[in-house]
Every structure is written in structure tokens, then in C-alpha cells.
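Engineer: Numbering (the working numbering), first residue to last: 91 to 462. Glycine included, each C-beta is placed from N, C-alpha and C at the ideal position. Since we're looking at a predicted model, the values are computed, not measured.
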């Protein structure tokens, strides 16, 4: 079946909303954070560990799975859920972000994008139709439209042409979408230009997608102010009865600010990426576990955290693992970091229920320092 969104409560003092999304694999609550499993795995973690963290929807990447092992093999395995043994909902991105990081502007045509494989340099061509065809075969619960991801520095004229092309591509992708079990989301672009965001949102909504994403806010170069503007310029034109997804955002402060502005879904590679470099999210900010002051610290990463890492291991031990390049160190930090962001969204949902979201934000910021 396609997803079904239900709006349960709107916070009195902000644009935040509490809701549920019914999927083929159960009901998930929003706002929520979605761990990223680029190559059909959340790096170093098992599905069972994800369930224990109360993970709902996870992501997989269309571009990477197209190249290896190939969508036909995954379809033969019975789809992405069976292939990776994840019995929860899965969202696949369109591959657009990866493609545009590999392509040059002149490689972008009306038909699609020419670019070279990051693996062997072979020539590739991805179109809106091909992206949807791949995602249909992957059999994810939610597929994403193929869009152009222009840089934050793009001129007004370039951005205008880009969003118009993205709309044409969205129509083409929707036309060929053929998996009745799979929902399809449209993507709103437009940089930090208010009129372009309004135009993109209004025209994308006319295509009647199952949900809507705000893109172009996690590219290199944009400021937090521009990110928040992009949300504020888009949200008023998105329907209340469908989910809203802010793509590629995982900083705790950005999740809080996104929820305040009306976002329901977030994803980011950040929790596992910083874990592999020895860093952990905490209520006081990011912690570098490699720091010498943790050498004899026999307390958990966070004393109030309910994750497996904090219930069973100390900073001193995890520091030792990281410093001697043992993979378990990165695994434990990944478990903690993902659970931290999921717990954050759980607390945000409670604050929305009780109409005290702004108070929650202020309390959180009293302690949290963003930089390591």
C-alpha cells in the first residue's frame, strides 16, 4: 500500500506538528530521524541494533545500489527489505545528489545527466525515468523524484532554470512510476530565493505527490540562515495532510529548528560519519572521545542515555578501541549517535504534545555546543 499520513496535533506556539505515517511495515511517528543506509546497510550496524534504537524509516541510495550490486539483482532477491533483512520502512533517494556532485554543469541536459562513475570512471547517464525504474525494482516504501541539486552559490537565473527543469523531470518520473506498493515524493528546490521556493512548492504540489521534500539545504556552502529561510519559504505552500521531509539534515539544532518550522522527517549520514572519526553527540555538544581527558573516564558517554553503548561501556574503553582502530569503537559510537537523534525526536514529539516546544528548545540550547 502507499503511505498514509495522519496529522494528530499542531503545536500552539509554532508550526510544529505531531503525526503518524502508516507504511507497509507498521506505523511510525513524526517528527522522526531516519538513519542512512547508503549501500543497503547503516554502516557497521545490524537491523536488530536499529530496532533496539527504535529506528523506523531508514534510507538507501539509488545511485550506489544501481552501480553495485544492481537493481535487477535486488529485485531478484525479493526487493530491498528481503535483500538487507530490514523489516521496517525504507526510503530510497533518487541518486540526484550523488550524480550532481560527480557531474559538470554542461553534462546536465533536458533528457538527464551524463557523468562518470566514482568507481571506475565509466560513462553513465541517468534520467528521471531511469531513477524511478531503479527505485521501483528496489521496492522501497518511499521513492524520491529525480531533481537537480544546484549549489547554494547558484545565481537567481540558474536557480530559476533549474527548478523549472526539476518540475519537468518530476512529471516525467511520476508518469512512469509503476510500483503500487511504493509512495513517491516530490522535491521543492529554489535556494534561498523566496519567490522561487513559492513557485517550486506550488507547482510541485499540483502534481499530487504522496509527500513533499525540501531539497537544496544540505549542499556545501549554504548558511543556517539560508536553510531556515528555505523551509519558511516552502512550508506555507505544502499540504497539511501529507508528510514534509527536509533532506540531508542531522545536526541536533537543525532538527529542532526544522521541527519548529513544520518539518516531519529528517535524514543524515552525520551520526555514523562522526562516529567513525571518534566523535559522539551529547547534551553538552559533540564529544571527541580521543581526547586524553577520557583515558581514565570509566563513565558512559552519557549517564542518562538508554542506548546499548551507554548501558554497557565506558568512555575509557571506547576511547581505547578508537585509538587502536578497532571497529567496535566506531560501532558503539554509531549506536549512541543514532539513538541520540532518535531520542531527540521522541522528546520533541512530547514537547509538541504539551505545547512547550519553544521552552524545550531554550533548555536544550543552554547546554548544547555545536562545535567539537
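#1: Identify which residue in 116, 102, 115, 97 has its Cα closest to the Cα of residue 109.
#2: Please report the distance separating the alpha-carbon of residue 335 from that of residue 301.
#3: So what's residue 208 in DSSP terms, helix, strand or just coil?
#4: Bridge partners of residue 355, per DSSP?
#5: For residue 112 and residue 93, I'd like the C-alpha separation in whole angstroms.
#6: Only counting the same chain, and skipping five residues up and downstream in sequence, which positions put a Cβ closer than 8 angstroms to that of residue 424?
#7: Indicate whether residue 428 and residue 143 have their beta-carbon atoms separated by less than 8 angstroms.
#8: Note down the Cα distance separating residue 220 from residue 242, rounded to an integer number of angstroms.
#9: Whole angstroms is fine: what's the gap from residue 246's alpha carbon to residue 386's?
#10: By the 10 Å Cβ neighbour count, where 16 or more other Cβ atoms means buried, how is residue 116 classified, buried or exposed?
#11: How long is the line joining the alpha carbons of residue 459 and residue 406, rounded to whole angstroms?
#12: By the DSSP assignment, the alpha helix (DSSP H) with residue 426 in it spans what residues?
#13: Looking at C-alpha atoms only, which residue of 368, 170, 340 is the closest neighbour of residue 431?
#14: Please confirm if the segment 306 to 325 is in contact with the segment 395 to 412, defined as three or more CB-CB distances below 8 angstroms between the two stretches.
#15: Going by the CB atoms, is the gap between residue 264 and residue 274 shorter than 8 angstroms?
#16: Along the chain, where does the beta strand (DSSP E) that runs through residue 112 open and close?
#17: Taking the alpha-carbon positions, what's the residue 104 to residue 350 distance?
#18: Within its chain, find whatever has a CB closer than 6 angstroms to the CB of residue 397; leave out the 5 residues flanking it on each side and keep chain order.
#19: Would you call the segment 232 to 241 and the segment 160 to 176 in contact, with 3 or more CB pairs under 8 angstroms?
#20: Thinking residue 227 and residue 214 are a contact (beta carbons under 8 angstroms), I'd like their distance in whole angstroms, please.
#21: Does the distance from the CB of residue 376 to the CB of residue 368 come in under 8 angstroms?
#22: Considering residue 295, what are the terminal residues of the alpha helix (DSSP H) in which it resides?
#23: On the criterion of 16 or more Cβ atoms from any shown chain inside 10 Å, does residue 230 qualify as buried, or is it exposed?
#24: Can you tell me whether residue 442 is buried or exposed? The criterion is at least 16 other CB atoms within 10 Å of its CB, across all chains shown.
#25: Using a Cβ-Cβ cutoff of less than 7 angstroms, which residues in the same chain neighbour residue 250 once the five nearest sequence positions on both sides are dropped?
#26: From residue 453 to residue 348, what distance separates their C-alpha atoms?
#27: Determine the DSSP secondary structure at residue 103, reduced to helix, strand or coil.
#28: By how many angstroms is the C-alpha of residue 392 removed from the C-alpha of residue 303?
#29: Comparing alpha-carbon positions, which option in 402, 284, 222 lies nearest residue 268?
#30: Report buried or exposed for residue 317, applying the criterion of at least 16 other Cβ atoms within 10 angstroms of its Cβ.
#31: Let me confirm a value: residue 337 is counted as buried when at least 16 other C-beta atoms fall within 10 Å, else exposed. Which label applies?
#32: What residue range does the alpha helix (DSSP H) around residue 447 cover?
#33: What is the DSSP secondary structure of residue 183, reduced to helix, strand or coil?
#34: Less than 8 angstroms between the CB atoms is what I'm expecting for residue 155 and residue 129, so what's the real figure, rounded?
#35: Taking the continuous beta strand (DSSP E) assigned at residue 369, which residues delimit it?
#36: Considering only residues of the same chain and omitting the five flanking positions on each side of residue 167, which have a CB-CB separation below 8 angstroms?
Structural biologist: Taking the coordinates as given:
#1: 97
#2: 8 angstroms
#3: coil
#4: 122, 335
#5: 5 angstroms
#6: 132, 133, 134, 135, 361, 362, 365, 366
#7: yes
#8: 26 angstroms
#9: For residue 246 and residue 386, the distance between alpha carbons rounds to 54 angstroms.
#10: exposed
#11: 22 angstroms
#12: 417 to 443
#13: 340
#14: no
#15: In this structure, residue 264 lies closer than 8 angstroms to residue 274 by Cβ.
#16: 107 to 113 is the extent of the beta strand (DSSP E) around residue 112.
#17: Their backbone Cα atoms lie some 6 angstroms apart in a straight line.
#18: 425, 426, 429
#19: As far as the Cβ criterion goes, the segment 232 to 241 does not touch the segment 160 to 176, which means the pair count is below three.
#20: Not really, about 17 angstroms apart at Cβ, beyond 8 angstroms.
#21: no
#22: 284 to 296
#23: buried
#24: buried
#25: 286
#26: When rounded, the distance between both Cα atoms is 17 angstroms.
#27: coil
#28: 33 angstroms
#29: 222
#30: buried
#31: buried
#32: 447 to 457
#33: strand
#34: Residue 155 to residue 129, Cβ: 7 angstroms. Contact.
#35: 369 to 372
#36: 173
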